[in-house]
Structures are given as structure tokens and as C-alpha cells.
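What follows is a single structure, written as C-alpha cells, with notes after it.
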Amino acid sequence: MDHARDIDGNGWSGEGWPDNGSSVPDPRDPRANEAGNLIGYLRRGKESAPPTQQQKARRQVVTRMRGFGDRYDEWKLSVGEWFARIDLAPDLAENVGSRRWFRGLGTMIALGAAAFAFWPDFTPLEARASMPESPVIRDEMRRGIILPLALGADSGRSMGPSARVIPLKSAPERPQVELIATLAPGDSFPSMLRRAGLASGDISRVAALVGDAMPHTELKPGTQIDIVLGRRPAPGEPRPLDALSFRARFDLELEIARAGEGVAAPLALQRNFIRVDDTPLRVRGKVGQSLYRSMRAAGVPAGAVQEYLRALDNQIDMDREVRGSDEFDIILAYRRAATGERQAGQLLYAGIDRGGEAKTQLMRWGEDGQFYEASGVGEQRRGLVQPVPGPVSSRYGMRRHPILGYRRMHAGLDFRARHGTPIAAVTDGRVTSAGRAGGCGIAVRIDHGEGLSTRYCHMSRMAVSRGQRVERGQIIGYVGSTGLSTGPHLHYEMYRGGRSINPESVSFVSRAQLSGTELIDFRRRLIELKQVEVGAALADLEPLPSEVDEPEREIEKIDLARRMN
1 MDHARDIDGN
11 GWSGEGWPDN
21 GSSVPDPRDP
31 RANEAGNLIG
41 YLRRGKESAP
51 PTQQQKARRQ
61 VVTRMRGFGD
71 RYDEWKLSVG
81 EWFARIDLAP
91 DLAENVGSRR
101 WFRGLGTMIA
111 LGAAAFAFWP
121 DFTPLEARAS
131 MPESPVIRDE
141 MRRGIILPLA
151 LGADSGRSMG
161 PSARVIPLKS
171 APERPQVELI
181 ATLAPGDSFP
191 SMLRRAGLAS
201 GDISRVAALV
211 GDAMPHTELK
221 PGTQIDIVLG
231 RRPAPGEPRP
241 LDALSFRARF
251 DLELEIARAG
261 EGVAAPLALQ
271 RNFIRVDDTP
281 LRVRGKVGQS
291 LYRSMRAAGV
301 PAGAVQEYLR
311 ALDNQIDMDR
321 EVRGSDEFDI
331 ILAYRRAATG
341 ERQAGQLLYA
351 GIDRGGEAKT
361 QLMRWGEDGQ
371 FYEASGVGEQ
381 RRGLVQPVPG
391 PVSSRYGMRR
401 HPILGYRRMH
411 AGLDFRARHG
421 TPIAAVTDGR
431 VTSAGRAGGC
441 GIAVRIDHGE
451 GLSTRYCHMS
461 RMAVSRGQRV
471 ERGQIIGYVG
481 STGLSTGPHL
491 HYEMYRGGRS
501 INPESVSFVS
511 RAQLSGTELI
521 DFRRRLIELK
531 QVEVGAALAD
541 LEPLPSEVDE
551 PEREIEKIDL
561 ARRMN
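In full-length UniProt numbering, the protein residues as written are 1 to 565.
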């Protein structure tokens, strides 16, 4: 057979002829015929030979794999059709209680359980053991971590004692300790001194001296007090007070010191009155594209700008009646101290000028701080404030009473609100009645002038009394359900000339009017404010001759030396 493969694969064609470029032999050559017959026989014997055991095993494996693939395709198709028919994540808001709903619930529970099962562990990672520290380094670290609470404490590295440091049995303490104490909100003056480390005797004496100069209640939170403590009379005892000073008011400074040498010397108070100028601060400028930004660019404090805008908004329409070419005119209460401090106060005057003439002029007047026009007419109070922040549940008109069961006039508005909700007065007025009022329960009635009045019913409790003056938006009581009421709400009524009217049909403006001597004083004060120069209050106060420290002349030094000798 090897010989036949050599004949078939080395230079012979399919017909048994050599293919080496030589001439083709005669096909009738008997040697060529014998070679071709031999090759054909070998080929037929190879094709008709039975398969071996290895080939049979290979064919069985291939057949089984093909069957497994067909079965997997059929299973995958059936599973896909099953999942298509069954919704494992339905909307739990639909068909509550059905089999589909319980299936979705089970899916949600299973997913939640899986999430908890695979919840990560937050156990801290173990770090390598640090290198051993010497006592010196440990002491330095402790000093750097725990910082003193006093002001101005160092946060840098503090050297710890090493082997070369020699401990002393006793160390001399400082002769004086200077510190600053701050009066906290809600704190008392004696308790603040006690925290500063003063002895009980010094605390009582200082509190009495300051109380003689001014009440402790007038001390504002945030007042800083400079304290100087002397040397301890004995180890472990508190330091005595050497000196104490603070700014009690804008125009007053208090100093407390020993009247003599030594701890036994009594404490004495000295009042230092500071010269203060009360010239108001006046600022003018163009409105421009933004009135707020223009005023802030001119140096007006933000709080004063807000107060200025609120005052004008109650008088005019800021969006329509104010132009960019107009000029704003604002005057503030202002105080300048001889020591250099400055303090801006409340708004005194608010105006808008157009073409060099005053278009709007408002000045604060009276104990209530209301703004009045130059003619003496008070600021406008537009519209009504909603008494409670809730929707209207029942309107004015005929309806069936929820308790009595028959139709009758509902002479007001019902506002839905929770029990205890504050009730506000819709506008300024005076309380004419406050107390029980039959079916209205606890009610408050307010007279707003010009024949208009309002009543607020079914309150749980009142916050005003009869005869009291109330302002627009002031709390007068709280929502309840007293009287003929089915639940917490506010029944709000309005009367004109004693007759009930629909509250939704009324939108009025309340204004005050000055007259007589009060109007004369008002106009005199307005003229004084208008004469204030722009920016005059920003200049520094010129010192008085008594406030100037003249340098000591040489002849005075010679005379002093002669007298001492």
C-alpha cells in the first residue's frame, strides 16, 4: 500500500500516467494498466472498510450533543413563553388582593431579601501596628490635640519635656493675667464674671458698682469686657481683680479699678462719657436700572434699603411710578462717637425726586413708627390680610346648616385650618368685644373705623382683650371648634354699618391723618430733616480742645524736676 501511495502521489496523474513533463506513454502499455487497476482497488477497499470503535464513539457523542442542543432550544423557547405569560413585577396599586398582586408582592419580598443577604459589611479594615512612641512624642501629641479654650491659643507644635528638662518644685506665676470675657445671650453679668475666675467678693462689688451706673438688663449680648487679674494672695485661691473696663453704651464707658495699692484697696467706678454726634445720614442718587443695587452701591445698609422699599411700596406702585431717571432720597438715624465708632439706626425719611422736585415724601412719626406724607396723611394699608393660611371651605350665602339641618344664611367665610393655627387681624383696628358669643363660641370683634368691623369665631383661645389696639397681621387668637361647629375651622364675618356683608367684596385702604399741633410739629421736623446735607454725617468728628493731648514742653519738664529735687 505504501508503494501504491508513492505511485499515486509522486508524479502520476489520475489515470496513472507520470506527470513529469515527459512524453505521454502509450495507454496500451500493460504496465500502466496494471498500476491504474491497483490504485482503483485500493480506493474501493478503503471506502468499503467497516468503521472502527473510536469512530463509532465519536459519532455517538456528536449525536448526543445535537440532541442536547435541540432539547435546550425547546426548553428555552418554553421558558420564554412562560415568562411572557406571567408578569413577575406588576403594579401593586392595581388589583389589590388578586393572584397577580400577590405574585408581585412575593417578587418584591424576594428582591428585598436578596438585597439584605448581599448587604456589604462595614467592618473597619485592620491597619498595621504603629511604631512604638516614646513618652516625649506622646506628650507632644497630647498637647497638640487638646488645645486651651482661651482666645488666641496656639495650635502649633508644643515641645514636651525630655530627659534634659529639670522639674521645679514651684514656679513663679505671672503677676497679672489679662483676659476678655463676652456676655452671652441669656447670660447674667455676675455669672459671666464668675466664669472669668473672679472671687465672690469681687463679683458682688463689681455687680453693685455697675448696677449703680446702669441696669444689668441694658447690657447687650456680645458686650466684651476687658479684665485684669492680679497675683494670688495664696496658692489655690482666686486671683483678685485689678481692673475691669467695657463699653456699656455707645456714649458711655465704665472702668473699675483699685483705689490704692494692694488687694485690700477698695474697687472704685469711673464713668467715661463719650461725645456722640446724632447728625442723620442722608444719601441721594439716581435710581438707574435697579433701585436696590443703586442704593447699595451708594453705601446704604441692606436693612435700610429693605425698610425704604417697604415704606414706598405701601404708598406708590414701585414698578410703574418709579423711573430710572428719578433720584432716591433716604435719611437714616446715625451716630458718630468721638472714639471713631459709628452706628446706623432706623429709617427716618424716604423720598423720590423727579426733575428736581419731590414726587414722594414719607417721614417716620409717632410712637408706632408709622410713615406719613408731607401733608400729614399716613401710609396706605392696601387690601386685607388673610386671617389664617388655609383654603375657604364655605362661602358667603344661603346653605344647609351642617348641625341644625335646615337652610339659612351663612353670613361669612369658613377657612379650613388645624386646631391651634394662629388667627391674624385683617387690618388695623380696636377690639370691641372678646369672649363667648353663643353659636360663634369664643369670638373676637374688631372695629376698623368708617363703619367697618370684622368678627372671628370658634376660637380655641384669645390673644387680645377688649379695648386693645391691634395692627394689621397681629395674632388675635387661635383656631378651635367652640360653639356650633363640626370641627376646627375659622368663621370670619365682616360688617358695614352693623349689617353683614360678603368679606370677599371688600378691599379697602386704611390711612391715618395728623391734625392740630401734631401736624405742626410733624412739618417742622420734616423741614429739619430736609436741611441735612448729603454725606455730612460721614465726616470725622473734630476733637474738642479738652480732648487733645498737647505735647509736654521742655520748660515744664525742667520745672517738674526742680520741684522734685
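All residues carry an ideal CB built from backbone N, CA and C; glycine is no exception. All values reported here derive from a predicted model rather than from experimental measurement.
Taking the alpha carbon of Ala-208 as the point to measure from, which residue in Ala-114, Asp-70, Leu-269, Asp-521 has its own alpha carbon closest?
Leu-269
If you reduce the DSSP assignment to three classes, tell me which class Pro-503 lands in.
Residue state, collapsed to three classes: helix.
Contact test: Asp-251 Cβ vs the ligand SAM heavy atom, cutoff 7 Å:
No copy of the ligand SAM appears in this structure; indeed no ligand is present at all.
Within 10 Å of its beta-carbon, does Gly-412 have 16 or more other beta-carbons around it, so buried, or fewer, so exposed?
Burial check for Gly-412: the Cβ neighbour count within 10 Å reaches 16 or more, so the residue is buried.
Mind checking which residues open and close the alpha helix (DSSP H) that includes Ile-520?
Counting along the chain, the unbroken alpha helix (DSSP H) around Ile-520 starts and ends at 516–530.
Could you tell me if Ala-248 is buried or exposed, where buried requires 16 or more neighbouring beta carbons within 10 angstroms of its beta carbon?
buried
Met-455 and Arg-430 closer than 8 Å at C-beta
Residue identity differs from the one stated: residue 455 is Arg in this sequence, not Met. It is not a contact, given that the beta carbons lie outside the stated cut-off.
Mind listing, in chain order, the continuous alpha helix (DSSP H) runs of no fewer than 4 residues lying wholly within the UniProt domain "M23ase beta-sheet core" (408–503)?
none
Looking at the strands, I want to know which residues DSSP matches up with Glu-253.
Arg-247, Asn-272
Using the rule of at least 16 other Cβ atoms within 10 Å of the residue's Cβ for burial, across every protein chain shown, is Thr-182 buried or exposed?
exposed
Bounding residues of the alpha helix (DSSP H) (the contiguous stretch that carries Leu-111)
99–117
By the 10 Å Cβ neighbour count, where 16 or more other Cβ atoms means buried, how is Val-300 classified, buried or exposed?
buried
Ala-417 and Val-444 look like a contact to me (Cβ under 8 Å); what is the Cβ gap, rounded to whole Å?
Wrong, their Cβ atoms sit about 15 Å apart, outside the cutoff.
Three-state secondary structure (DSSP) at Val-263?
coil
Nonlocal neighbours in the same chain, by C-beta distance under 8 Å from Val-263, ignoring five residues either side
Gly-230, Pro-233, Pro-240
Please report the residue range of the alpha helix (DSSP H) in which Glu-237 lies.
Annotation for Glu-237: no alpha helix (DSSP H) segment contains it, and DSSP assigns it neither H nor E.
Whether Leu-348 touches Arg-364 by CB criterion (8 Å):
yes
Give the C-beta separation of Gly-376 and Phe-522 to the nearest angstrom, bearing in mind that I take them to be a contact with Cβ-Cβ under 8 Å.
Taking the Cβ atoms as the reference, Gly-376 lies roughly 6 Å from Phe-522, within the contact range of under 8 Å.
Bridge partners for Val-283 per DSSP, in chain order?
Paired residue(s): Ile-330.
Run through the DSSP bridge pairs and tell me what Ile-352 is partnered with.
Phe-328, Thr-360
Can you grab the Cα-Cα spacing for the pair Gln-386 / Gly-435, in whole Å?
22 Å
Going by DSSP, what residue range makes up the alpha helix (DSSP H) through Gly-222?
Per DSSP, Gly-222 belongs to no alpha helix (DSSP H) and is neither H nor E.
In angstroms with no decimal places, state the Cα-to-Cα distance between Val-136 and Ile-166.
14 Å
For Arg-282, does the count of other Cβ atoms within 10 angstroms reach 16, so buried, or fall short, so exposed?
buried
Kindly indicate the opening and closing residues of the beta strand (DSSP E) around Gly-397.
Gly-397 -> beta strand (DSSP E) spans 397–400.
Hey, how far is the Cα of Cys-457 from the Cα of Ile-316?
CA-CA distance, Cys-457 to Ile-316, rounds to 35 Å.
Ordered along the chain, which non-local residues of its own chain (more than five positions away) have a Cβ less than 7 Å from that of Gln-176?
Contacts found: Val-228, Leu-229, Gly-230, Asp-242.
Let me check understanding here. Comparing Cα to Cα, which of Leu-452, Asp-447, Met-459, Ser-481 lies closest to Arg-466?
Of the listed residues, the one whose Cα sits closest to Arg-466 is Asp-447.
Span separating the alpha-carbon of Val-532 from that of Pro-280
Distance between the alpha carbons of Val-532 and Pro-280: 7 Å.
Whole-Å CB distance - Ser-453 paired with Tyr-495, under 8 Å assumed
5 Å
Ile-225: which of Pro-215, Glu-255, Ser-393 sits nearest, CA to CA?
Glu-255
Counted within 10 angstroms of its Cβ, other Cβ atoms place Ile-86 as buried (16 or more) or exposed:
So Ile-86 ends up on the exposed side.
Report all residues from its chain with a CB closer than 7 Å to the CB of Gly-324; omit the five preceding and five following residues, and keep chain order.
Val-287, Gly-288, Gln-289
Less than 8 Å between the beta carbons of Ile-423 and Val-479, yes or no?
Cβ atoms of Ile-423 and Val-479: closer than 8 Å.
Could you give the DSSP three-state label for Gln-60: helix, strand or coil?
helix
Report the residue from Arg-472, Ser-460, Ile-475, Gly-473 whose alpha carbon sits nearest the alpha carbon of Pro-488.
Nearest of Arg-472, Ser-460, Ile-475, Gly-473 to Pro-488, Cα basis: Ser-460.
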